[in-house]
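Trainee: Take a look at this one; I'll ask things after.
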Amino acid sequence: MSVTIIDSHMHCGVQNVSLPWEEVQGRLQEGGIQGACLFAPVEDIYDRYDYHFVDTSAWVACRRRANRYLLDRQEREPNLIAYYFVWNDFQKEELGKGYRGIKWHCHEYEPVYNYADPRCEEFLREAYRLGLAILLEESFENTLYFLRRVRGRTPIIIPHLGMLNGGFQALLRAGVWDDGTVYADTALASSGEMAQFLERYGSERLLFGSDFPFGNPRHELLKVRNLGLCEEDFENVVSRNVIRLTTLQPPQ
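Right under this line is the structure:
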């Protein structure tokens, strides 16, 4: 039986950018990929170019539309996995509506998460209860802080093998990859870093991803194919791991 290949890192949305599902679907078909994890584009969640961004009711509504656009696609299409992109309103009640993961994203030049807000802790506790994996793209310092705070209570996925979380080697030296609850995706990462991760930790914590539209799904999948993995390891990376992480379990 052929493996169902899932791209674990794709952006899709139509609020402030034009990345409709139909375009994503076409790129998947070009690459021979059967499914995807979908995140709203950052531009649909907050103003990433205003470091002092102040939230408004219009942005709250935009975020809700952006996240629910993906939830609607998940309900209609096989092998689609909708992630909830969280921002500082920390709407924990949204998590129980069928989302199968959480996107947590902040580059160093962008507005920051309010980690001291009590709603942040309430949101995280709901994520733990539902067993939702969190894809974490943060500064190096905040990545370490976040992992200490979560303490293994739900899986964490670090995108790009850590390229934008301080770098693969910095996370390696900090012992981040030694944590069995920390996963990585391959989006835009080097083949050398993929091979190093696989050699050290095996194939059960690495997920294939492309970061579309910034990466080409067909090309990013070819990088994984060219690693020369055995069948079991290849299927773990392109399919089994992400399915396991995003299959909803009964709440704890």
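Residue numbers (our numbering): 1153 to 1404.
By construction, the Cβ of each residue, glycine as well, lies at the ideal position given by its N, Cα and C atoms.
In terms of alpha-carbon separation, which member of P1263, M1346 and R1392 lies closest to Q1321?
Mentor: Selected option, being the one with the closest Cα: M1346.
Trainee: What residues match up with I1286 in a beta bridge as DSSP calls it?
Mentor: Its beta-bridge partners are I1254 and I1308.
Trainee: Is P1193 near V1169, with beta carbons less than 8 Å apart?
Mentor: Yes, they are a contact pair.
Trainee: If you follow the alpha helix (DSSP H) that I1395 is in, where does it begin and where does it stop?
Mentor: Element bounds for I1395: N1393 to T1398.
Trainee: Quick check on the burial criterion: 16 or more other C-beta atoms within 10 angstroms. Buried or exposed for K1244?
Mentor: The residue is buried, with at least 16 neighbouring Cβ atoms inside 10 Å.
Trainee: Shortest alpha-carbon distance to Q1167 belongs to which of D1196, Q1181 and T1156?
Mentor: Nearest option by C-alpha distance: D1196.
Trainee: As an exercise, report each continuous alpha helix (DSSP H) stretch of at least 4 residues that is fully enclosed by the segment 1209-1279, in chain order.
Mentor: With a minimum length of 4 residues, the continuous alpha helix (DSSP H) runs that stay inside the segment 1209-1279 are 1209-1228.
Trainee: Compare the beta carbon distance of D1219 and E1246 with 8 Å and say whether it is the shorter of the two.
Mentor: Note that residue 1219 is Asn in the sequence shown here, rather than Asp. Result yes, Cβ atoms of N1219 and E1246 sit closer than 8 Å.
Trainee: Here's the rule: buried if 16 or more other CB atoms are within 10 angstroms of the residue's CB, otherwise exposed. What is G1367?
Mentor: Answer is buried; the Cβ neighbour count reaches 16.
Trainee: With which residues is D1337 paired in a DSSP beta bridge?
Mentor: Answer by DSSP bridge pairing, in chain order: L1359.
Trainee: State yes or no: is the C-beta of L1284 within less than 8 Å of the C-beta of Y1261?
Mentor: It is not a contact, given that the beta carbons lie outside the stated cut-off.
Trainee: Assuming Y1203 and P1263 are in contact, meaning their beta carbons sit under 8 Å apart, how far apart are those beta carbons, in whole angstroms?
Mentor: Confirmed, about 6 Å.
Trainee: Taking 8 Å as the limit between beta carbons, can you name the residues of its chain near R1139, skipping five residues before and five after?
Mentor: Lying before the first or after the last residue shown, residue 1139 is absent from the chain, which here runs from 1153 to 1404.
Trainee: Exposed or buried, what is Q1181 when buried is set at 16 or more other beta-carbons lying within 10 Å of its beta-carbon?
Mentor: Classification of Q1181: exposed, given that the 10 Å Cβ count is below 16.
Trainee: Which one or two residues does DSSP pair with H1163 in a beta bridge?
Mentor: BP columns for H1163 point to F1191.
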